[in-house]
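Asks: Provided herewith is a single structure, encoded as structure tokens, for subsequent inquiry.
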Amino acid sequence: MEKLKNPYADLPGYCCFGCSPHNPAGLRMEFRESGEEIISTWQPDAHFQGFVDILHGGIQATMMDEIASWVVFVKLQTAGVTLRLNTRYRKPVRLSAGAITLRAKVVRNVRNIATIEVHLFDGGGRACSEGVVEYFLLSSEKARTEMHYPGLAAFYSD
42 MEKLKNPYAD LPGYCCFGCS PHNPAGLRME FRESGEEIIS TWQPDAHFQG
92 FVDILHGGIQ ATMMDEIASW VVFVKLQTAG VTLRLNTRYR KPVRLSAGAI
142 TLRAKVVRNV RNIATIEVHL FDGGGRACSE GVVEYFLLSS EKARTEMHYP
192 GLAAFYSD
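Taking this note's numbering, the leading residue of the sequence shown gets 42, the next gets one more, and so forth.
Put into structure tokens, the structure is as follows:
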């Protein structure tokens, strides 16, 4: 598995809730690539809980949306915007169970619409929630000029 670099980290004004390493209130997600998948392992903190010891469902959905964008960046080599996110919650994600793992991959890519499937596992490896994210893909030019997409090479260490 190869750790991906966040090429946006030094972009002025960049403060993404999902992946900015500089956002003190954010999730600070990091990503790795393994075959067709993008993977994120994240240690939950108590201030992201809904009920006692349970990760808030909105945070789960946010994490799914975030990892889907990284699938678009790395696997489809562009940027885009979320059209739809359908989330299914199967089991509570207990913070006390340890680090959460998300796995995401492209399952469909037709014209400028990509469908990304995301699975979220708790620290014990139990499948707790899943999401299907539809992304509107921008042209290469718009990705660069409007979303600061730096190109695929920027996501890999020097």
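All C-beta atoms, glycine included, are put in the ideal place defined by N, C-alpha and C.
Would you identify the three-state DSSP class for V173, choosing helix, strand or coil?
Replies: Indexing the sequence shown from 1 puts residue 173 at position 132. Three-state DSSP puts V173 in a strand.
Asks: Have a look at F58, S75 and K132 and flag the residue whose alpha-carbon is nearest the alpha-carbon of L68.
Replies: Mapped onto the sequence shown, residue 68 falls at position 27. Residue F58 is the option with its Cα nearest to L68.
Asks: Under a three-way DSSP split, which group does R131 fall into?
Replies: As a working mapping, residue 131 is identified with position 90 in the sequence shown. Coil.
Asks: Work out the CA separation of M104 and R129 for me, nearest whole Å.
Replies: For this step, residue 129 is matched to residue 88 along the sequence shown. For this step, residue 104 is matched to residue 63 along the sequence shown. Approximately 13 Å between the Cα atoms of the pair.
Asks: List the whole-angstrom C-beta distance separating L120 from A194, where the pair is believed to meet the contact cut-off of C-beta under 8 Å.
Replies: The residue labelled residue 120 in the question sits at position 79 within the sequence shown. The residue labelled residue 194 in the question sits at position 153 within the sequence shown. Contrary to the premise, residue 120 reads as Ala rather than Leu in this sequence. Not confirmed; about 15 Å, so no contact.
Asks: Compare the beta carbon distance of L117 and N64 with 8 Å and say whether it is the shorter of the two.
Replies: Within the sequence shown, numbered from 1, the residue matching residue 117 stands at position 76. Within the sequence shown, numbered from 1, the residue matching residue 64 stands at position 23. The answer is no: Cβ separation not under 8 Å.
Asks: Between which two residues does the alpha helix (DSSP H) holding V112 run?
Replies: Counting from 1 along the sequence shown, the entry for residue 112 is found at position 71. Element bounds for V112: G98 to K116.
Asks: So, are the CB atoms of T82 and T123 less than 8 Å apart?
Replies: Translated into the one-based positions of the sequence shown, residue 82 becomes position 41. Translated into the one-based positions of the sequence shown, residue 123 becomes position 82. No, the pair does not count as a contact, with Cβ atoms beyond the cut-off.
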